[in-house]
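K.L.:
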Amino acid sequence: MSVAQNDINKMADYLTQFPHFNAFECIDYDFRSAAHVAAVEGHIEVIRFLSQHCDSSHFERLMNREDRWGLSPMDEAYRHGHFGVCNFVKQHVLAQSDKMHSEMPHLPESESENNTIIHLLRKWKKVFLFGALAASGAAERIDALFARGYFVQTELYTDYDGRTPMHLAAVNGHLNVVQVLIRYRYDGTTYKDRWGNYPVDGARRKKFKKIVDELEQHKA
1 MSVAQNDINK
11 MADYLTQFPH
21 FNAFECIDYD
31 FRSAAHVAAV
41 EGHIEVIRFL
51 SQHCDSSHFE
61 RLMNREDRWG
71 LSPMDEAYRH
81 GHFGVCNFVK
91 QHVLAQSDKM
101 HSEMPHLPES
111 ESENNTIIHL
121 LRKWKKVFLF
131 GALAASGAAE
141 RIDALFARGY
151 FVQTELYTDY
161 DGRTPMHLAA
171 VNGHLNVVQV
181 LIRYRYDGTT
191 YKDRWGNYPV
201 DGARRKKFKK
211 IVDELEQHKA
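The sequence shown begins at 1 in full-length UniProt numbering and counts up by one.
#1: Heavy atom of the ligand SAH less than 6 Å from the Cβ of Asp13, yes or no?
#2: Please state whether DSSP places Glu60 in a helix, a strand or coil.
#3: Would you list, in sequence order, the uninterrupted alpha helix (DSSP H) runs of no fewer than 4 residues that lie entirely inside the region 113-177?
#4: Using 8 Å for Cβ pairs, my map puts Glu140 next to Arg183. What's the rounded Cβ distance?
#5: Do the CB positions of residue 308 and Leu168 come within less than 7 Å of each other?
#6: Is Gly202 near Val171, with beta carbons less than 7 Å apart?
#7: Using the three-state DSSP reduction, which class does Thr189 fall into: helix, strand or coil?
#8: Along the alpha helix (DSSP H) that carries Lys209, what are the first and last residues, could you check?
#9: With C-beta atoms as the reference, is His36 less than 7 Å away from Asp75?
#10: Is it true that the CB of Ile142 sits closer than 7 Å to the CB of Val200?
#11: Would you kindly work out how many angstroms separate the C-alpha atoms of His92 and Asp161, rounded to a whole number?
#12: Rank Leu156, Lys123, Ala77, Lys192 by C-alpha distance to the C-alpha of Glu41 and give the top, closest one.
#13: Closest to Ala191 by C-alpha separation, out of Phe208, Asn176, Val178, Met166, would be which residue?
#14: So Leu62 packs on Ser33, CB below 8 Å; how close in whole Å?
#15: Who are the near neighbours of Phe49 in its chain, counting only those whose CB is closer than 8 Å to its CB and skipping five residues on each side?
#16: State yes or no: is the C-beta of Val177 within less than 7 Å of the C-beta of Ala134?
#17: What residue does the alpha helix (DSSP H) around Arg204 start on, and which one ends it?
#18: Take the Cβ of Phe83 as the centre, count every other Cβ of all protein chains shown within 10 Å, and call the residue buried at 16 or more, exposed below.
#19: With a CB to CB cut of under 7 Å and the five nearest residues on each side skipped, what residues in its chain are close to Asp193?
#20: Between the C-alpha atoms of Leu15 and Cys86, what's the straight-line distance to the nearest angstrom?
#21: Can you tell me which of the three DSSP states Arg183 falls into?
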């Protein structure tokens, strides 16, 4: 595969020969695209090539498209330590966003309410996503989203019942998620849900001894 071999010339020739074939949208049986392969290998030349052959919104969509395990090319770049790829994508997308913003008319003050609603929707989207990942044991995905700055340590991401992702990981027996959250300074003995339970209480009730021990060992 030309992407895996970092062969830009072959990729360019292929696009020239088959101009109507959207190669960037092709995925394998694991829903992994050319962007996934390039990100895993750290081939920044391929990533740059992709950015030059599609518009900004398409490029951003490619870099955030998830495979069957819920990992995007950006997640893979962070996970494998290819920070040059990450920085290039961020700078490219931000530069294009700034250009679009400068060309757009400024919103009137009456739009501020809509902006607040959008902010709240984005916040709750993160809460639901984090909770779902914690409850299902998706430790690698959580780690990658922290690494890329999508999740931040200063937020609790509590749901409508006051449950944190640590509550959900502990009560579902996902030691791998608990360990990732501890690494990002979350703990199981500080925050209570609406019923007054700490994450460690749920693990204790379900008899997940390893999780109880892990949380007790890392008390705040």
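For every residue, glycine included, the Cβ atom is placed at its ideal position computed from N, Cα and C. Values in this document were obtained by computation on a predicted structure and should not be read as measured data.
P.N.:
The relevant details are as follows:
#1: Inclusion of the ligand SAH in the displayed structure is not the case, the ligand content being empty and no account of it being possible.
#2: One-based indexing of the sequence shown puts residue 60 at position 60. DSSP, reduced to helix, strand and coil, places Glu60 within a helical segment of the structure shown.
#3: Residue ranges of uninterrupted alpha helix (DSSP H) with 4 or more members, entirely inside the region 113-177 and ordered along the chain, are 139-147, 165-171.
#4: On the sequence shown, position 140 is the one that residue 140 refers to. On the sequence shown, position 183 is the one that residue 183 refers to. Separation of the CB atoms of Glu140 and Arg183 is rounded to 13 Å, and the pair is thereby denied contact status at 8 Å.
#5: Examination of residue 308 is not possible in this model, given that the chain is present from 1 through 220 alone.
#6: For the purposes of this step, residue 202 is identified with residue 202 of the sequence shown, where counting begins at 1. For the purposes of this step, residue 171 is identified with residue 171 of the sequence shown, where counting begins at 1. Yes, they are a contact pair.
#7: Taking the first residue of the sequence shown as 1, we reach residue 189 at position 189. Of the three classes helix, strand and coil, the one that applies to Thr189 here is coil, per DSSP.
#8: Locating residue 209 in the sequence shown gives position 209, counting from the first residue. Here the alpha helix (DSSP H) through Lys209 covers 209-217.
#9: As a working note, residue 36 is residue 36 in the sequence shown. As a working note, residue 75 is residue 75 in the sequence shown. Contact flag unset, no.
#10: To locate residue 200, count along the sequence shown from 1; it is residue 200. To locate residue 142, count along the sequence shown from 1; it is residue 142. Note that the C-beta distance between Val200 and Ile142 is not below 7 Å.
#11: Here residue 92 is taken as the residue at index 92 of the sequence shown, counted from 1. Here residue 161 is taken as the residue at index 161 of the sequence shown, counted from 1. Pairing His92 with Asp161, the inter-Cα distance amounts to about 39 Å.
#12: The count along the sequence shown starts at 1 and reaches residue 41 at position 41. Closest option to Glu41, Cα to Cα, is Ala77.
#13: Translated into positions along the sequence shown, residue 191 becomes position 191. One detail in the question is off: residue 191 reads as Tyr in this sequence, not Ala. Out of Phe208, Asn176, Val178, Met166, Met166 has the C-alpha closest to the C-alpha of Tyr191.
#14: Start at 1 with the first residue of the sequence shown, and residue 62 comes out as number 62. Start at 1 with the first residue of the sequence shown, and residue 33 comes out as number 33. Yes, Leu62 and Ser33 are in contact; Cβ-Cβ is about 7 Å, under 8 Å.
#15: The sequence position of residue 49 within the sequence shown is 49, counting from 1. The beta carbon of Phe49 is closer than 8 Å to those of Ile8, Met11, Ala12 in its chain, skipping five residues each way along the sequence.
#16: The sequence position of residue 177 within the sequence shown is 177, counting from 1. The sequence position of residue 134 within the sequence shown is 134, counting from 1. Cβ distance < 7 Å, so Val177 and Ala134 count as in contact.
#17: Sequence index remark: in the sequence shown, residue 204 carries index 204 (1-based). Note, Arg204: alpha helix (DSSP H), 199-205.
#18: As a position in the sequence shown, residue 83 is number 83, starting the count at 1. Exposed, because fewer than 16 other Cβ atoms sit within 10 Å of the Cβ of Phe83.
#19: The residue you call residue 193 lines up with position 193 of the sequence shown. Its chain contains Asp161, Gly162, Arg163, His167 as the residues whose beta carbon lies nearer than 7 Å to that of Asp193, once the 5 sequence neighbours on both sides are disregarded; these appear in chain order.
#20: Along the sequence shown, read from residue 1 onward, the residue named residue 15 stands at position 15. Along the sequence shown, read from residue 1 onward, the residue named residue 86 stands at position 86. Answer to the nearest angstrom: the Cα atoms are 25 Å apart.
#21: Here residue 183 refers to the residue found at position 183 of the sequence shown. In the structure shown, Arg183 sits in a helix (DSSP, three-state: H, G or I).
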